[in-house]
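Down below is the structure, laid out as structure tokens.
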Amino acid sequence: MIKSKIIYLILLACMVLFYILFVDSMSLLILILTVVFPFLQLFILRRISKNITAVLDIGCSTTERNVPTRIAVRLKNHSILPVSCAVVSLQITNTLTNETQSLTTMLPVASDNEQSIKFSVSYAHCGMVQVVLKSIRVYDYIKLFSKVINYNCTHDIAVVPTLTSIEPAVDTSLNSMTDNEEFSKVKAGDDCSEIFNIREYIYGDKINRIHWNLTTKLDELMVKEYSLPVSSQIIIIFEFCRDSSSEYSMEKNDASLDAAMSLSYFMLANNITHKIAWYDPNQKMLHTEKISSEIDFSAFLSAVFSSGTYDDIFSAFIHSKAENNDVHFSNLIYISPALSDELFHNFTVLNNAEHKTYLYINDGSETPEFFHDAGSTFAVEADFEDISESLNKVVI
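Position in the sequence shown (first residue = 1) + 324 = my numbering.
Right, dumping it as structure tokens:
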């Protein structure tokens, strides 16, 4: 646009010089047209910019990592005048990793017509990606002026892990725990299959826990307290953290989530109810979800993306150890992109699980000597670039 203005100023100077050298009606008319022409362009630009609309068109709301996704912007020109040049600006942000990518392209739009521009974008890391149509800059016919039309069109795309096809070993000798689940005798919980206690209503209690039959008999609101399970079949605990000591921190993070989801999906496909836990840095607490259906599986992934990543690499394990001290599991699977001698020792001495598996996501560096099978603890190493073979070594 600067180049166009310079050319116009040179042209205007030439027309002034031409008029001075050749004073007549023709040179005057040319000079007047040269002076008026930019104002005419500005008037047309303002008229056109009021008649341009744009729509962000994305074919899906979920995609896998490194899979091309189509993003389209449809421009509609409602004016009788054509648009010679419109610059479309998109911004793509992964809200989990804060990675931002900007896309810009130019296109013309004929009068009373619609033009579509398509992009093919792939995403390297998991997370919730926000695609924003930021603005459209419309130029006049000789690019002296431009008008920016701001938009707030937003579309979210969930970039999910690539589920790995696995065939881990299933220990059927532990399945008896499913039908003989034990409940705490001293603490209430959220398992509605067993009632822990019935008490008077307290402000803030959930309405769906009111015992209506007893309330009718006693003429006073009575509330059911559910039980807290102290035994459970399988739990997966994974760290969704940033390992600053590795240059492949994000890749290892993705592999950690890939492993957790692949194991969870395998169990779901084989009707094995299980729990999955991760640390939420926003609420500074451990999230634990029971996975028994496709709905639970989808809700878990959405909740993980909302939680975000964190720098304290062993937070999930530390909080799980504190919260699940009284809960017994048949199988505990811990997935982490980080490893330390002290933490591995603390993991091996846990006494609340029949079998324990430490799945370490490595970046190709040398594995420490202390990382090996010990008693009921299995040490499994997985390379972040290919975790399938290692997942087959996990015992469920």
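Note that CB positions come from ideal geometry on N, CA and C, so glycine has one too. Quick caveat, the model's predicted, so the values are computed rather than measured.
Item, Value
"Expected contact under 8 Å - CB spacing of Ile460 and Ala512 to nearest Å", "Not quite, the Cβ-Cβ distance comes to about 57 Å (not below 8 Å), so this is no contact."
"Proximity of Tyr447 and Arg394 at Cβ, strictly below 8 Å", "no"
"Chain-order list of residues whose beta-carbon lies under 6 Å from that of Ser714 (same chain, five-residue window excluded)", "Val704, Ala706"
"DSSP-derived helix/strand/coil call for Glu571", "coil"
"Pro432, buried or exposed, once every other Cβ within 10 Å from all chains shown has been counted against 16", "exposed"
"Coarse secondary structure for Cys338, derived from DSSP in three states", "helix"
"Residue(s) in a DSSP beta bridge with Glu678", "None; Glu678 has no bridge partner."
"Within the segment 459-489, ranges of the alpha helix (DSSP H) (whole runs, at least 4 residues)", "none"
"Residue ranges of each beta strand (DSSP E) within the segment 404-450, 3 or longer", "407-418, 423-433, 437-445"
"With 16 other Cβ atoms within 10 Å as the buried cut-off, status of Asn499", "Its pLDDT being 47, under 50, Asn499 is placed unreliably by the model, and the measurement read from it follows with that caveat. So Asn499 ends up on the exposed side."
"Collapsed DSSP secondary structure at Tyr711 in the structure displayed", "Rather than Tyr, the amino acid found at residue 711 in this sequence is Ile. Coil, per DSSP."
"Which of helix, strand or coil DSSP assigns to Thr633", "coil"
"Gln425 classed as buried or exposed, judged by whether at least 16 other C-beta atoms fall within 10 angstroms", "exposed"
"Boundaries of the alpha helix (DSSP H) in which Leu366 is found, first to last residue", "349-373"
"CB of Met325 within 8 Å of CB of Lys467, strictly", "yes"
"Distance between Ile657 and Asp635 (C-alpha atoms, nearest Å)", "21 Å"
"Simplified DSSP state of Thr691, which is helix, strand or coil", "coil"
"8 Å Cβ cutoff met for Tyr589 and Phe564", "no"
"Own chain partners of Asp582 with C-beta closer than 7 Å, once the 5 adjacent residues on each side are dropped", "Pro485, Thr486, Thr488, Ile711"
"Residues that DSSP places opposite Asp381 in a beta bridge", "Ala396"
"Cys338, buried or exposed, once every other Cβ within 10 Å from all chains shown has been counted against 16", "exposed"
"Span separating the alpha-carbon of Ala584 from that of Asp436", "52 Å"
"Where the beta strand (DSSP E) containing Ile600 begins and where it ends", "598-604"
"Boundaries of the alpha helix (DSSP H) in which His643 is found, first to last residue", "639-647"
"Inter-residue Cα distance where the pair is Val340 and Pro392", "56 Å"
"Cβ shell of Ala457 (< 7 Å), same chain only, five flanking positions each side left out", "Looking at the sequence itself, residue 457 is Leu, so the reference to Ala does not match. Closer than 7 Å at Cβ, skipping near neighbours: Ala378, Leu380, Val397, Leu414, Tyr475, Cys477."
"Classification of Val455 by the beta-carbon crowding that lies within 10 angstroms, buried from 16 upward", "buried"
"Backbone CA spacing between Ser403 and Lys471 [nearest angstrom]", "15 Å"
"Reduced DSSP category for Ile376 - H, G, I as helix; E, B as strand; rest coil", "strand"
"The segment 673-693 contacting the segment 600-612, beta-carbon criterion three pairs below 8 Å", "no"
"Reduced DSSP category for Leu525 - H, G, I as helix; E, B as strand; rest coil", "Residue 525 is actually Tyr in this sequence, not Leu. The answer is coil: DSSP assigns Tyr525 none of H, G, I, E or B."
"As assigned by DSSP and simplified to three states, the class of Leu538", "helix"
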